[in-house]
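In my numbering, the protein residues as written are 19 to 281. Where a beta carbon is used, it is the ideal one built from N, C-alpha and C, also for glycine. Scroll down for the structure; my scribbles are underneath it.
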């Protein structure tokens, strides 16, 4: 009886099918590094010696200049981690003192302007008269600011009396009249009179900040005062005004018929 042997084609087919079938493998992994076998040392060959020697011969040599330049940089960065900057050490000597510049030089203020001298005119018919509230009125000739000696002395005496009254201010209302309808020329004449009287008051010791000249020009036609005049009004400063408060006594309060004090 003869047994048939499998053909070569059938064997190859079985081998291919066996390789396609999935196989499950198992492996043992150790997490303890001490249990692992030591690494094998690399084989020591003659070729390595030859390559090392040739690499050493191929390395270029450094010159003295390169060594001089690279050595200080290595010393400066010694001990400094990458990404950090070395802070310079504290100097032994203290820093020099700070010199503070002196303040700016104060600008000298100009002295007050001296009043212009006023000369007397003997032919002038000016004169003075008392005015309300201890003031003074000066009468001038038409179209002029000239004053005679008596008028100048009267203004100076008035200024000497008011010089010590620092709580007073003097307002100069100056008027002038001229023929015609011109409004500019009367104001110019009135201003010249006010400035002349202002200079005389300053010569008497009154500060210019206490004198207020006002050139009114033509006077009001409804008033019967002299047309060519200058009125000096004495006024109290706002800070020196004192308000008096009166309080009624109980005896002066009204009483009603029931005997009680009326509200």
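Who are the Cβ neighbours of residue 164 in its own chain at under 6 Å, not counting the five residues just before and after it? For the purposes of this step, residue 164 is taken as the residue at position 146 of the chain shown. Only 139, 142 meet the Cβ criterion.
Would you say residue 192 and residue 206 are within 7 Å of each other, going by their C-beta atoms? The residue you call residue 192 lines up with position 174 of the chain shown. The residue you call residue 206 lines up with position 188 of the chain shown. Result no, Cβ atoms of residue 192 and residue 206 do not sit closer than 7 Å.
How many whole angstroms separate the CB atoms of residue 155 and residue 146, which I take to be in contact at a CB cut-off of 8 Å? Here residue 155 corresponds to residue number 137 of the chain shown, with the count starting at 1. Here residue 146 corresponds to residue number 128 of the chain shown, with the count starting at 1. So it is a contact: roughly 7 Å between Cβ atoms.
Helix, strand or coil at residue 73 [DSSP, three-state]: One-based indexing of the chain shown puts residue 73 at position 55. Because residue 73 carries a pLDDT of 48, less than 50, the predicted location of this residue cannot be relied on, and no value is offered for it.
Within 10 angstroms of its Cβ, does residue 249 collect 16 or more other Cβ (buried), or is it exposed? Locating residue 249 in the chain shown gives position 231, counting from the first residue. Buried.
Give the list of continuous alpha helix (DSSP H) stretches no shorter than 4 residues that lie fully inside the stretch 197 to 248. 202 to 221
From the DSSP output, in three-state form, read off residue 162 for me. Mapped onto the chain shown, residue 162 falls at position 144. If DSSP states are grouped into helix, strand and coil, residue 162 belongs with coil.
Do residue 181 and residue 224 have their CB atoms nearer than 7 Å? Taking the first residue of the chain shown as 1, we reach residue 181 at position 163. Taking the first residue of the chain shown as 1, we reach residue 224 at position 206. Their beta carbons are under 7 Å apart, which means residue 181 touches residue 224 by this criterion.
Cβ-Cβ distance between residue 240 and residue 195 below 7 Å: Position 222 of the chain shown, counted from the first residue, corresponds to residue 240. Position 177 of the chain shown, counted from the first residue, corresponds to residue 195. Against a cut-off of 7 Å, the Cβ pair of residue 195 and residue 240 comes out as no contact.
How many Å lie between residue 175 and residue 233 at the Cα? One-based indexing of the chain shown puts residue 175 at position 157. One-based indexing of the chain shown puts residue 233 at position 215. Their backbone Cα atoms lie some 23 Å apart in a straight line.
Taking the CB atoms as reference points, tell me whether residue 144 and residue 161 lie closer together than 7 Å. Position 126 of the chain shown, counted from the first residue, corresponds to residue 144. Position 143 of the chain shown, counted from the first residue, corresponds to residue 161. No, the Cβ-Cβ distance between residue 144 and residue 161 is not below 7 Å.
With a 10 Å radius around its C-beta and 16 neighbouring C-beta atoms as the bar for buried, classify residue 29 as buried or exposed. Taking the first residue of the chain shown as 1, we reach residue 29 at position 11. Exposed, because fewer than 16 other Cβ atoms sit within 10 Å of the Cβ of residue 29.
Near residue 203, which residues of its chain fall below 7 Å by C-beta distance, leaving aside the five closest residues on each side in sequence? Here residue 203 corresponds to residue number 185 of the chain shown, with the count starting at 1. Closer than 7 Å at the Cβ level, and outside the excluded window around residue 203, lie 196.
Can you list, in chain order, the residues of its chain with a C-beta nearer than 7 Å to that of residue 208? Leave out the 5 residues immediately preceding and following it. By one-based count along the chain shown, residue 208 stands at place 190. Same-chain partners within the cutoff: 192, 193, 194, 233, 234, 235.
Expressed to the nearest angstrom, what Euclidean distance is found between the alpha-carbon atoms of residue 98 and residue 110? Position 80 of the chain shown, counted from the start, is the residue given in the question as residue 98. Position 92 of the chain shown, counted from the start, is the residue given in the question as residue 110. Each residue's alpha carbon lies about 23 Å from the other.
Buried or exposed for residue 215, please, with buried defined as at least 16 other CB atoms from any protein chain shown within 10 angstroms of its CB. Walking along the chain shown from the start, residue 215 turns up at place 197. Answer is buried; the Cβ neighbour count reaches 16.
Helix, strand or coil: which one does DSSP assign to residue 253? If you number the chain shown from 1, residue 253 lands on position 235. Residue state, collapsed to three classes: strand.
Roughly how many whole angstroms lie between the Cα atoms of residue 132 and residue 220? Here the question's residue 132 lines up with position 114 in the chain shown. Here the question's residue 220 lines up with position 202 in the chain shown. Straight-line Cα distance between these residues: approximately 8 Å.
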